[in-house]
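Residue numbers for the sequence shown follow this note's numbering, beginning at 158 and rising by one.
We treat Cβ as the ideally placed atom computed from N, Cα and C, and that holds for glycine.
Comments concern the structure below.
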Amino acid sequence: MATSMKQRVMEYLTSVDPITRQQRSIGITFDKVTLLKRSLQVTMLVIMIDEQLTPIYLKSSLCKTELSGEELAANCVNVLESFGLTKSMLQDKLTGGAVDGAYIHMNINEHLCNNIGIQQNWLKISWDVAHLLELAIDDTQNQKKFNW
158 MATSMKQRVM EYLTSVDPIT RQQRSIGITF DKVTLLKRSL QVTMLVIMID
208 EQLTPIYLKS SLCKTELSGE ELAANCVNVL ESFGLTKSML QDKLTGGAVD
258 GAYIHMNINE HLCNNIGIQQ NWLKISWDVA HLLELAIDDT QNQKKFNW
């Protein structure tokens, strides 16, 4: 079943968009999570299907607790390659991504670009909105003028 799902994802990604007549571009999002003392990096594709941004879960691969930005980028690229996306395809299709602040502070954009062989200004990695919202809520709750 996993092989069939990988094939369907690749078929869609290599198909031509009827409007642009180009292969579809992709975005990524990934984050580390620790469950039962095991650290995983959850990796997802973000693609446009019927005018809707659609996340596609790829894999939660085991990783060390303390990884460098270079190692996290390599982990992400390995997951993408395991689905058949070559570095050449990533150079053509990968347009951006969303990560949390820890990844931003580790210069993940630079490490991803170096890993797949593209210029840094060709790939935009931004702070994930859900994480920003969580920080804003925490900041608000910590203000003394509000009674929570």
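By the three-class DSSP mapping on this structure, what secondary structure does residue i have?
| i | result |
| --- | --- |
| Ile100 | Any question about residue 100 goes unanswered here, given that the chain covers just 158 to 305. |
| Arg178 | coil |
| Thr160 | helix |
| Gln209 | strand |
| Gly258 | helix |
| Ser245 | helix |
| Leu192 | strand |
Assuming the contact rule is C-beta atoms closer than 8 Å, residue i and residue j should be a hit. Round their C-beta distance to whole Å, please.
| i | j | result |
| --- | --- | --- |
| Gly226 | Met263 | 3 Å |
| Asn271 | Leu280 | Between Leu280 and Asn271 the Cβ distance is about 11 Å, and since that is not below 8 Å, they are no contact. |
| Leu197 | Ser217 | 4 Å |
Would a C-beta distance cut-off of 8 Å place residue i and residue j closer than the cut-off?
| i | j | result |
| --- | --- | --- |
| Cys220 | Asn235 | no |
| Val203 | Ile185 | yes |
| Ala255 | Asp295 | no |
| Ile273 | Lys250 | no |
| Ile282 | Leu292 | no |
| Met205 | Arg181 | yes |
| Leu229 | Tyr260 | yes |
Let me check understanding here. Comparing Cα to Cα, which of the options lies closest to residue i?
| i | options | result |
| --- | --- | --- |
| Val166 | Val286, Asn299, Tyr214, Leu210 | Tyr214 |
| Glu208 | Asp174, Leu193, Ala230 | Asp174 |
| Gln277 | Ser161, Gln248, Arg195 | Gln248 |
With DSSP as the reference, please indicate the residues paired to residue i in a beta bridge.
| i | result |
| --- | --- |
| Met201 | Thr186, Tyr214 |
| Ile282 | Gly254 |
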